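*Asks:*
Residue numbers (the working numbering): 25 to 643.
(1) So who's on the other strand from residue 46, going by DSSP bridges?
(2) With a threshold of 6 Å on Cβ separation, who are the neighbours of residue 368 within its own chain once the five nearest residues in sequence on each side are excluded?
(3) In terms of alpha-carbon separation, which member of 472, 417, 475 and 492 lies closest to residue 441?
(4) Distance, Cα to Cα, residue 298 vs residue 288?
(5) So, at 7 Å on beta carbons, what are the nonlocal neighbours of residue 609 in its own chain, with the 5 sequence-adjacent residues on each side left out?
(6) Roughly how many angstroms lie between the CA atoms of residue 161 and residue 107, to the nearest whole one?
(7) Would you mind giving the Cβ-Cβ distance between residue 271 and residue 296, rounded to the nearest angstrom? I have them listed as a contact below 8 Å.
(8) Suppose only complete runs of 3+ residues qualify. What are the beta strand (DSSP E) ranges in the stretch 246-334, listed by chain order?
(9) Among 110, 140 and 174, which residue has its Cα nearest to the Cα of residue 241?
(10) Going by beta carbon distance, what residues of the same chain come within less than 8 Å of residue 182, once the five residues before and after it are set aside?
(11) Starting from residue 591, trace the beta strand (DSSP E) in both directions and tell me its first and last residue.
(12) So which of 103, 404 and 543 has the shortest CA-CA distance to residue 267?
(13) My guess is that residue 543 and residue 557 are in contact by the Cβ rule of under 8 Å, so how many angstroms apart are they, rounded?
(14) Put residue 102 into one of helix, strand or coil per three-state DSSP.
(15) Return the Cβ separation of residue 198 and residue 239 in integer angstroms, given the expectation that the two are a contact with Cβ distance under 8 Å.
(16) Using only the alpha-carbon positions, how far apart do residue 380 and residue 427 sit?
(17) Can you have a look at residue 529 and say buried or exposed, based on whether 16 or more other CB atoms are within 10 angstroms of its CB?
(18) For residue 173, count the other beta carbons within 10 Å of its own beta carbon; 16 or more makes it buried, fewer makes it exposed. Which is it?
(19) So, for residue 407: in the same chain, excluding its five sequence neighbours on each side, which residues have a beta-carbon less than 7 Å away from its beta-carbon?
(20) Once the 5 residues before and after residue 113 are set aside, which same chain residues still bring their CB inside 6 Å of it?
(21) Excluding the 5 residues preceding and the 5 following residue 190 in the sequence, name in chain order all residues of the same chain whose CB lies nearer than 7 Å to its CB.
(22) Going along the chain, which residues of its own chain have a beta-carbon closer than 6 Å to the beta-carbon of residue 424, five neighbours each way excluded?
(23) What are the boundary residues of the alpha helix (DSSP H) that includes residue 359?
(24) Output the boundary residues of the beta strand (DSSP E) element that contains residue 66.
(25) DSSP state of residue 32, grouped into three classes?
(26) In angstroms, rounded to a whole number, what distance separates the CA positions of residue 82 and residue 284?
(27) Between residue 607 and residue 633, what straight-line distance do the alpha-carbon atoms span, to the nearest angstrom?
(28) What does the Cβ neighbour count give for residue 54, buried or exposed, with the cut at 16 atoms within 10 Å?
(29) State whether the stretch 511-525 contacts the stretch 545-562, with contact taken as three or more CB pairs (one from each stretch) at a distance under 8 Å.
(30) Quick check on DSSP: helix, strand or coil for residue 185?
(31) For residue 495, is the classification buried or exposed, using 16 other Cβ atoms within 10 angstroms of its Cβ as the cut-off for buried?
(32) If I measure Cβ to Cβ from residue 61 and keep anything under 7 Å in the same chain, skipping five residues before and after, which residues do I get?
(33) Leaving out five residues before and five after residue 301 in sequence, what residues of the same chain have Cβ atoms less than 6 Å from its Cβ?
(34) By how many angstroms is the C-alpha of residue 625 removed from the C-alpha of residue 580?
(35) Pull up the distance between the alpha-carbon of residue 248 and that of residue 643, whole angstroms please.
(36) Using the three-state DSSP reduction, which class does residue 515 fall into: helix, strand or coil?
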């Protein structure tokens with residue numbers, strides 16, 4: 025039955041049938057190579073002689089099998105695939121659970137352990153946080169922190185150092201740049217070869233289980249970057265696996281992303297659908313992953329993605345939508361939602377394609393969340409503008425509210441924004457050091473107040489000054505007051521406090537995708553670059569967010585409010601705690617029966633320069 029379903033495209037546990045399976049000292053190997061003439065298994069157990077163990081073709085659709093004695097855990101192996109032209113290809117196992125550490129490329133025989141998970145409380149209570157807080161710390165494991173000798177931390181070391189840090193910083197989730205096995209460090213994991221293997225760079229699959237387990241025991245969810253859109257052309261990987269276009273499209277108009285130098289999965293091929301869905305399922309089941317962020321969805325669903333239209337394929341209706349990829353994503357999301365209801369499916373989708381987070385039965389793709397790339401691009405463009413000229417691009421900060429409730433959004437400030445000459449986040453800010461830090465603090469306040477879940481890439485929480493470098497540790501030394509002063513310490517404290525305030529106040533997260541949870545109070549004051557809005561919860565709790573994006577303080581600034589009463593200042597990014605100038609409102613403001621902005625009552629506030637305030641309604 026497993027074999028039949030695999031070829032039908034509906035074996036979502038094909039990793040339990042294909043790959044290597046150790047039983048005592050005997051190991052069964054199975055591989056799909058539909059156009060191979062012969063297939064052999066070679067490895068340490070036969071001194072890498074290529075033709076010692078020939079596999080038997082067990083069906084007419086290309087599955088080969090052999091059982092070999094004298095095999096042990098961690099034995100390295102590859103398949104030797106003889107093509108129709110007589111060429112011998114040495115390939116890693118597409119279904120391997122473990123692999124040699126780069127630069128070596130062989131698979132390893134590995135039986136997943138009967139790991140004693142200690143996260144039952146977490147697993148029973150986890151849910152997709154549509155109406156809950158979700159603030160994500162995005163991490164590249166290899167460059168978060170190093171040992172003094174420059175060596176990377178292991179999964180087990182990260183299970184304590186990273187987890188302790190994230191917990192202290194009040195994040196709800198960690199998102200990992202891909203840990204699916206990959207050969208090239210510079211790809212950051214986005215050009216994978218091992219879709220079922222946690223990278224051996226940091227330890228074994230059991231070590232990775234331990235890391236996830238520790239996260240859960242500390243009430244931290246794990247989101248995994250997953251790349252079903254393309255794969256690397258390394259000779260040992262999926263590339264022309266049996267000498268033909270096996271995992272990739274054969275149509276030259278579809279097969280390759282030339283800009284990335286990668287091949288595109290053939291979503292219309294049943295065996296590929298079984299492979300990819302099984303990969304997602306294995307991470308959820310075997311490693312207790314809480315969310316899967318699907319990379320580059322736009323590249324999957326559009327046939328003309330980064331291609332000239334005259335060189336692009338079209339679907340049966342003459343359009344550029346990849347109907348096969350769309351169908352694959354819908355089926356994947358349906359399966360996850362039906363079988364793993366607490367797992368979040370997240371789309372990195374950069375276009376205006378509709379209904380990405382709508383239910384499949386309502387014509388959507390079925391994702392739970394979508395990265396809000398429009399908000400990210402517009403807001404960063406605004407910030408990079410000199411404050412004197414911001415009045416001319418005021419709409420960059422307001423336009424997002426025209427579509428904020430069309431999807432379930434995550435606001436991402438990701439790794440992509442601090443590499444390749446884009447500068448660090450603090451480096452994007454105009455002005456002198458004081459203005460740079462004040463700008464960034466004000467922005468974080470605005471971002472945490474804006475509808476949508478939150479994501480911040482590592483290092484941005486303390487305003488690392490240089491671009492991220494995947495080869496090097498973050499600049500933790502900046503938190504040494506004798507080196508970095510207190511600027512970076514203040515920024516880190518602000519993010520920590522923002523996370524705490526965000527998690528404790530329902531108006532800031534509960535109605536993220538509901539227009540009832542948001543109301544502009546000041547939207548058109550371009551001259552002063554002032555923005556103010558109210559966030560509400562279902563119970564009527566209210567928080568007013570006020571931002572001033574000029575270096576000029578606004579004293580006695582009057583704005584209308586929806587409800588009369590007292591408002592407590594629960595956050596001021598200009599506080600001396602964060603190395604600001606400490607201009608504020610003495611802890612609270614009281615409304616007055618003075619009409620303003622079309623409302624019967626108003627407040628008069630002092631808005632510090634380059635700062636954001638949170639005023640919580642107290643009644």
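C-beta: ideal position from N, C-alpha, C; glycine also. As the structure is a prediction and not an experimental result, all values here were calculated from the model.
*Replies:* The structure says:
(1) 51
(2) Same-chain partners within the cutoff: 152, 315 and 392.
(3) 492
(4) For residue 298 and residue 288, the distance between alpha carbons rounds to 16 Å.
(5) 593, 629 and 630
(6) 46 Å
(7) Going by Cβ atoms, the distance from residue 271 to residue 296 rounds to 6 Å, so yes, they are a contact pair.
(8) 315-318
(9) 140
(10) 165, 168, 226 and 235
(11) 590-596
(12) Ranking 103, 404 and 543 by Cα distance to residue 267 puts 103 first.
(13) 6 Å
(14) strand
(15) 6 Å
(16) 13 Å
(17) buried
(18) exposed
(19) 452, 453, 463 and 467
(20) Shown here for residue 113: same chain residues with a beta carbon closer than 6 Å to its own, the five before and five after excluded, namely 105 in chain order.
(21) 161, 198 and 244
(22) 399
(23) 347-363
(24) 62-67
(25) helix
(26) If you take the alpha carbons of residue 82 and residue 284, they lie about 37 Å apart.
(27) Distance from the CA atom of residue 607 to the CA atom of residue 633, rounded to whole angstroms, is 8 Å.
(28) Label assigned to residue 54: buried.
(29) no
(30) It is helical.
(31) It counts as exposed.
(32) Excluding the 5 residues flanking it on each side, residue 61 has same chain C-beta neighbours closer than 7 Å at 106, 107 and 108, in chain order.
(33) 36 and 356
(34) When rounded, the distance between both Cα atoms is 15 Å.
(35) Near 42 Å, if we compare the C-alpha coordinates of residue 643 and residue 248.
(36) helix
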